[in-house]
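Residue numbers (the working numbering), protein chains in the order written: chain H, 15 to 127; chain S, 1343 to 1455.
To keep things clear, I will list the structure first and then write my remarks on it.
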């Protein structure tokens, strides 16, 4: 079973911020939070990752709670091209002994004009 | 950077035939992953390699599936004999020690009739 819980689907108006929540209450100390998205008929695309601190890159921001049991991916100005399935995954690095990458069903985000 | 290159993009074959899927990872990446995606089961990790060595093949569904990585720039996933239930999109992904995110290829859509 996936180690994360995400809403099945969400809508967001174009131009607004899209906030995608993820619960990962059983996260271990050496596990990172990763976000990927998959646009229809394409391979998943890496978005961002974090361990403890909030992170920001050109695509999105990642807010991780202090207890690390949940996080939120923020797309600051959603466009129609952001319509995709968004996956939240917790995982150690592949070289770590407890490495296990399990993909859940993700959140289908629909950006509406 | 051409990204992760998979071939063929589409494959239609008859039940019982051998199918070989190919992947060229990003130059310099030392981890390679094979995934399978279906509507019913989502994204499943089949096998992953580190420095050309198979590390975890517990996701390989059965002995009909085999994967090789003869060198750092090439990997194959073979199904022999193929069955209709093998129909899926197969993704290859790569990552490096200095990278957290995986880069996925565009996938091979396999249809076994």
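Glycine residues also receive a C-beta, built at the ideal position from the N, C-alpha and C atoms.
For residue 63 of chain H, a Cβ of chain S is located within less than 8 Å of the residue's own Cβ. A contact is defined here as three or more CB-CB pairs under 8 Å, and the stretch 1427-1436 of chain S meets this definition with respect to the stretch 1371-1383 of chain S. Look at residue 1428 of chain S here: in three-state DSSP terms it is helix.
DSSP places residue 1353 of chain S inside the beta strand (DSSP E), whose first and last residues are 1352-1355. By the rule that beta-carbons nearer than 8 Å mark a contact, residue 57 of chain H touches chain S.
For residue 1448 of chain S, the closest Cβ of chain H is nearer than 8 Å. Distance from the CA atom of residue 22 of chain H to the CA atom of residue 34 of chain H, rounded to whole angstroms, is 11 Å. Put simply, the backbone Cα of residue 28 of chain H is about 14 Å away from that of residue 98 of chain H.
Taking 4 residues as the minimum length, the stretch 1402-1453 of chain S contains no alpha helix (DSSP H) run wholly inside it. DSSP lists H/64 and H/104 as the beta-bridge partner residues of residue 47 of chain H.
According to DSSP, residue 1346 of chain S shares a beta bridge with no other residue.
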